[in-house]
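Structure first, then comments.
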Amino acid sequence: IRTGGGIDGAITGTGSVVIGKSGFSPASMTLGGVNTFSGGLTVVHGGQVTLQNAASLGAPGNPITLDNGTLSTGSLMTSPLVIDSSVNLIIGPGGARFSAGGQSIIIGSLLSGNNPIRFGGGSSPFESDVYDVRLVNPANTFTGPIQIGQSDSDNSESVIIGIVANGSLGNAANAVTLGGSYFDGESTRTSSGGLRAYADLTLPSTRVIRLEGEGAVLDSNGHIFTVASAISELSSEQGLRKEGEGSLILNGANTYTGETFVRRGILGGTGSIGGRLRLDPDATIAPGSPSAIGSFTCEDLDLSGGGTYAVNLASGSGSDCVVASGDVSISPATMLLVQPTGPVVQGDVFTILQKSGTAPIDGNFEQTDTFSSGSVEWSISYSGGDGNDITLTAITGSTAAPVAPKLSNLVITPAGAAGSGTFAGISATVSGGPANGSVLLEASTDLGELDPWDVIQTIPLDASGAATLNNVTDPNSSGAKRNFFRLRVP
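Using this note's numbering, read the sequence shown as starting at 184 and increasing by one per residue.
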């Protein structure tokens, strides 16, 4: 087929459908029927096939060949187009383009080789219908740079692709460019590009990510999306927009200089950005990670639109903190969420926001000067630290959860006559106790409520809450034999 138009009826038989022919203008064809042909679909020589029905690919497992060809979905599709792992998807030397024009394209087939692959289409999370080109094979091996967001002499198109792992993006050396730009001699066409997470995933520090055109969208989509690499820019003032529920964790020393706008969900991590950090009312900034306290660095911090500022803290561990080198503005509509992850001692002082320079912080959180959070009474100061940091002081302390030490590898060397109440020695391993604290090794003759427990030894613990017992002797020389042992935190 080398002419434009469409076929709404069913295509049947054992033959193949070929769109495009050498020596002719690029062909464009729309298929809308429930097709059962089994000879495969081939799009070549700049051709494009647009599917209006998820069943238009033909028989299940039909091979697909794209060689300078485009496979796209149309606006009439009502369900995603699925190319599962059973489909032999062949990318020819001319390369392939996948464009989500009206529904998602879900590609489970292995993408391999070094022929160019391009992506088009996709919608932003705040649009009514969310769709994208989705790479759900976590072990793709294709090589070459990945451009997400296309601008050329003909058009400018913003693009979002979905991934389930770093491996969805192919070879580890593949550089990813989010957004595009094209100068036609008179003006510059620009587009944005984005990545959407469909599982908890991490892009490692070795994955090159660059911003261009209108910048990037990173959509956590209800998952934990961690970017360990440093995001750079190909032109100045490129920005990043965080979308979707879930968490985006930025741990790299990012060098892009535009604004980072958190529209929904949580932004966290221990990385840095060179521009302004701004929150939407539905968004949260939570420096550090869910499992570790840490700091996040930015230039300006703009909380004037509201949102939530969340920090973890504990005595001896410090607190999460945003380090801002520029201006800090806070609206009274912004909520401060304090989450102790360990004990807090009365009088503890935590710096939760550190501001460089001499200018004061503009505004305050919705909490009053004293408030309760995390079972602790706090006082807040906007002139703490070196004079313009935000600090919290614990007016009251918290009660630490009891530590439950463990006794393992227990070996008892028996004594002589039964009933003597003595034994030659106990050897064991203690773990899980309070760091640099102590536990009591106790023994009893029975487990009755009124049976006493006698202290055999006080055991000092190391920084990990552990100790080793070697032939601890029982000081008791008479009485009933003691067969029960326990550890107790004094």
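From the three backbone atoms N, C-alpha and C, an ideal C-beta is built for every residue, glycine too.
Three or more C-beta pairs under 8 Å: does that hold for the region 467-486 against the region 412-425? No contact exists between the region 467-486 and the region 412-425.
Continuous beta strand (DSSP E) assignments of at least 3 residues falling wholly in the region 239-283: Whole beta strand (DSSP E) segments, 3+ residues: 247-250, 252-256, 264-266, 272-274, 279-283.
Beta-carbon within less than 6 Å of R669's beta-carbon, same chain only, minus the 5 sequence neighbours each way: which residues are those? Hits under 6 Å: E625.
Opening and closing residue of the beta strand (DSSP E) in which I563 lies: Under the DSSP assignment, I563 falls in the beta strand (DSSP E) whose first and last residues are 559-567.
With DSSP as the reference, label S555 as helix, strand or coil. Three-state DSSP puts S555 in a strand.
Take D572 and list the residues in its own chain whose beta-carbon comes closer than 7 Å to its own, dropping the five residues that flank it on each side. Correct list, in chain order: T534, L536, Q537, K538.
Going by the DSSP bridge assignment, what does Y492 pair with across the sheet? Residue pairing by DSSP places Y492 opposite I468, L519 in a beta bridge.
What does the alpha-carbon distance come out to for the pair P673 and Q529? Straight-line measurement puts the Cα of Q529 at about 21 Å from the Cα of P673.
Can we say the region 248-263 touches the region 273-286, given the rule of at least three CB pairs closer than 8 Å? With a cut-off of 8 Å, the region 273-286 and the region 248-263 count as touching, because enough Cβ pairs lie within range.
Between Q537 and chain C, is there a C-beta pair that is closer than 7 Å? Checking the listed chains, one finds no chain C in this structure; it contains a single protein chain.
Quick one: what's A611 bridged to in DSSP? The partner list for A611 (beta bridge, DSSP) reads L652.
What does the alpha-carbon distance come out to for the pair G580 and P523? Cα to Cα, G580 sits roughly 11 Å from P523.
Using only CA atoms, which one of C481, I392, S647 lies nearest to T360? Checking every option, the nearest Cα to that of T360 belongs to I392.
Please list, in chain order, all residues of the same chain as G477 whose beta carbon is under 7 Å from its beta carbon, the five residues on each side excluded. Excluding sequence neighbours, G477 sits near T453, P470, G471, D503.
Below 8 Å on the Cβ atoms is my guess for L460 versus T443; work out the distance and round it to an integer in Å. Sure, about 5 Å apart at Cβ, within 8 Å.
Can you say whether T389 is buried or exposed, counting buried as having 16 or more other CB atoms within 10 angstroms of its CB? The residue is exposed, with fewer than 16 neighbouring Cβ atoms inside 10 Å.
What separation, rounded to the nearest whole angstrom, lies between the Cα atoms of A601 and A611? Bear in mind that the predicted position of A601 carries a pLDDT of just 43, short of 50, making it unreliable; the figure below should be weighed with that in mind. Spanning the alpha carbons of A601 and A611 requires a straight line of approximately 23 Å.
Specify the secondary structure class of S455 as computed by DSSP and reduced to three states. Residue state, collapsed to three classes: strand.
Under 7 Å between the Cβ atoms of I247 and P263? Their beta carbons are not under 7 Å apart, which means I247 does not touch P263 by this criterion.
Does the beta-carbon of N404 have 16 or more other beta-carbons within 10 angstroms, so that it is buried, or is it exposed? Burial call: buried.
DSSP three-state call for L460: helix, strand or coil? If DSSP states are grouped into helix, strand and coil, L460 belongs with the strands.
Endpoints, the beta strand (DSSP E) within which G429 is located: Looking at the DSSP string, the run of the beta strand (DSSP E) that includes G429 is 429-433.
Take the Cβ of P588 as the centre, count every other Cβ of all protein chains shown within 10 Å, and call the residue buried at 16 or more, exposed below. By the 16-neighbour rule on beta-carbons within 10 angstroms, P588 is buried.
Mark G448 as exposed unless 16 or more other C-beta atoms lie within 10 angstroms of its C-beta, in which case mark it buried. Its Cβ being crowded by 16 or more others within 10 Å, G448 is buried.
Provide the residue span of the beta strand (DSSP E) that contains T360, from first to last. Counting along the chain, the beta strand (DSSP E) containing T360 begins and ends at 359-361.
With DSSP as the reference, label A601 as helix, strand or coil. Caution applies to A601, whose pLDDT of 43 falls short of 50 and renders its modelled position unreliable; the model cannot decide the point.
Beta-carbon proximity of T574 to V532, cut-off 7 Å: It is a contact, given that the beta carbons lie within the stated cut-off.
Please check the pair A382 and V347, which I expect to be a contact at CB under 8 Å, by giving their CB distance rounded to whole angstroms. 4 Å between Cβ atoms; contact.
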